[in-house]
Every structure is written in structure tokens, then in C-alpha cells.
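A.B. asks: Below you'll find the structure I mean.
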Amino acid sequence: LSSPLPSLVSPPLRFDRAEVGQAKGRMAGRVFSPHHPPSFRMERDSDEEDMEAEELDELEMLEKELDETGLSRSFSKKKTQRRGRAKGSKVARMTPEVAEMMGEANMLHAQGSNDEAIKLLQEVVRLAPRAPEPYITLGTIHEEHRDSQNALTSYNLAAALDPSNPTLWLNVARLARDTDRKRLLAYALNKLYRHDDPSRRTLYLRERVKIMEELEDRPNAL
Numbered sequence: 001l002s003s004p005l006p007s008l009v010s011p012p013l014r015f016d017r018a019e020v021g022q023a024k025g026r027m028a029g030r031v032f033s034p035h036h037p038p039s040f041r042m043e044r045d046s047d048e049e050d051m052e053a054e055e056l057d058e059l060e061m062l063e064k065e066l067d068e069t070g071l072s073r074s075f076s077k078k079k080t081q082r083r084g085r086a087k088g089s090k091v092a093r094m095t096p097e098v099a100e101m102m103g104e105a106n107m108l109h110a111q112g113s114n115d116e117a118i119k120l121l122q123e124v125v126r127l128a129p130r131a132p133e134p135y136i137t138l139g140t141i142h143e144e145h146r147d148s149q150n151a152l153t154s155y156n157l158a159a160a161l162d163p164s165n166p167t168l169w170l171n172v173a174r175l176a177r178d179t180d181r182k183r184l185l186a187y188a189l190n191k192l193y194r195h196d197d198p199s200r201r202t203l204y205l206r207e208r209v210k211i212m213e214e215l216e217d218r219p220n221a222l
């Protein structure tokens, strides 16, 4: 972004093939974007409809990326629970036992024992696949190791699991910018426009318009 985004450290992410297919079905007959997972409980409004042309391509990209991770299998087990979720429902919470495991993983990460932390985080994902917290820590670990692509994937999934959290979308936007994933950056800016401080909306809108024009997608720029 021409105006630097706030430097924030947050989440990781990855989307499940079953949910990708489910979302694609709901978008049948429309066109969508690449490099990020859209929120599958997002409310419909004209602003998000403008982004559908980008999001379908994004879903296709996620579907390919799912083959590169074992974490994706954790999501398919819970896909039926997601289907009946009410609009505006809260972010999934972990059980006390899983929360304790999450705390231990964060402690291991703080101590520099990242291999052990990652193993524990994978178990947390298996037990609580809808919780964004393990993806946030995974994204932080990847970013500390200068693995921008996996960090972006992790943050992106966390943002999809907690779509009203602007900090997560700031991470997605920052890394999408750094890795030149412009359509994902445009999508993250759209989310920030909706969920971040209203005083920053002009910045997000201006940057999104600029990116969409660079992509020669002027009809969806506004």
C-alpha cells in the first residue's frame, strides 16, 4: 500500500476443500477472485457483491492450495456444523482442555520451541478447527521464519474464521501486498473498509480503487 498498513501480528489460515466447494455452489453463475478465503458466513450487501468476480478466482486458488497441507482435512469433519450456522454467530470457542493446549503451544513458541509448538497447534486445529487462535500463532511462526506465503495462508484462514476482526485483515493485506497478490489485497481492503475504524475508510477505498485499476477491473473498483 502506498500508505503503510499498521504493523500487526496475528493469525494463520487454510481452507477446506468441502467448504470451498460449498461456497462455489452458493456462488453458482457468478464470477469471483484469487489468493484468499472469503468468509462463508458473510452478510450480503452491495459492496461484497462487487467483490464476487474476484472471490470465485480466489476460491479456485484455495482449492489448489488445499492439496499442499494436511491441516485442510480437519475442516471437512465439521463442515455440516458450519452449514446451519446463523448469520452473525460468534467466533467458535475452544473447550477449556483445548484452550489449555493452546496456551501451552503459545508458551512453547515464546520459548523458541517452534517444532513442538507446531505439533501442538496441529492438534488444536484437529480438535477445534473453527477456532482462529491456532492459525494466528502458526502465521506468526511462519512470519518469524520469513515464510510469507504460509504466513499469509495462515492469517487468511484466521480472518475467514473471524471475519469481523480488522487486525486479521490487516495482516492479510500487509502480506498480500508484500507478496504481490493484488486481488487478495483488494479483498482484504474491502473487509477492512467494512470492519476497521471508520476514520480509515477513505484510505482503504482509495487503495482498493488503485489496485482494481491496476488489474484493469474498473467496473468493480468502487
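With the first letter of the sequence shown counted as 1, position 100 gets the number 100 in full-length UniProt numbering; the numbers rise by one all the way through.
Quick reminder that beta carbons are idealized off the backbone N, C-alpha and C, glycines included.
Taking the alpha helix (DSSP H) that Asp178 falls in, what are its first and last residues?
C.D. replies: First-last of the alpha helix (DSSP H) with Asp178: Pro166 to Asp178.
A.B. asks: State the Cα-Cα distance for the pair Leu175 and His145, rounded to the nearest angstrom.
C.D. replies: Computed Cα separation, rounded: 14 Å.
A.B. asks: Report yes if the C-beta distance between Val124 and Met101 is below 9 Å; otherwise report no.
C.D. replies: Yes, Cβ-Cβ distance for Val124 and Met101 is below 9 Å.
A.B. asks: Suppose the cutoff is 6 Å on Cβ atoms and the five residues either side in sequence are ignored; what does the same chain contact list for Asn165 look like?
C.D. replies: For Asn165, where only same-chain residues beyond five positions count, there are no Cβ hits under 6 Å.
A.B. asks: Could you tell me the boundaries of the alpha helix (DSSP H) in which Ala188 lies?
C.D. replies: Segment Lys182 to His195, the alpha helix (DSSP H) holding Ala188.
A.B. asks: What is the DSSP secondary structure of Glu216, reduced to helix, strand or coil?
C.D. replies: Correct three-state label for Glu216: coil.
A.B. asks: What three-state label does DSSP hand Tyr204 in the structure shown?
C.D. replies: Helix.
A.B. asks: Can you grab the Cα-Cα spacing for the pair Val98 / Arg126, in whole Å?
C.D. replies: If you take the alpha carbons of Val98 and Arg126, they lie about 10 Å apart.
A.B. asks: Leaving aside the five residues before and after Ala117 along the sequence, list all residues of the same chain whose C-beta is less than 6 Å from its C-beta, in chain order.
C.D. replies: Cβ within range, chain order: Ala105, Leu108 and His109.
A.B. asks: Which residue's Cα is closest to the Cα of Glu133: Thr95, Asp197, Ser199 and Gln111?
C.D. replies: Minimum Cα distance to Glu133 is reached at Thr95.
A.B. asks: From which residue to which residue does the alpha helix (DSSP H) around Ala110 run?
C.D. replies: Counting along the chain, the alpha helix (DSSP H) containing Ala110 begins and ends at Pro96 to Ala110.
A.B. asks: Have a look at Leu121 and Glu207 and give me their C-alpha separation to the nearest angstrom.
C.D. replies: Approximately 35 Å, taken between the alpha carbons.
A.B. asks: Measuring alpha carbon to alpha carbon, tell me which residue in Leu161, Leu168 and Thr179 is nearest Gln149.
C.D. replies: For Gln149, the nearest C-alpha among the options comes from Thr179.
A.B. asks: What whole-angstrom Cβ distance do Asn113 and Tyr135 have, given they're in contact under 8 Å?
C.D. replies: Sequence check: residue 113 is Ser here, not Asn. Not quite, the Cβ-Cβ distance comes to about 19 Å (not below 8 Å), so this is no contact.
A.B. asks: Return helix, strand or coil for Ser113, following the three-state DSSP convention.
C.D. replies: Correct three-state label for Ser113: coil.
A.B. asks: What would DSSP say about Arg130, mapped onto helix, strand or coil?
C.D. replies: If DSSP states are grouped into helix, strand and coil, Arg130 belongs with coil.
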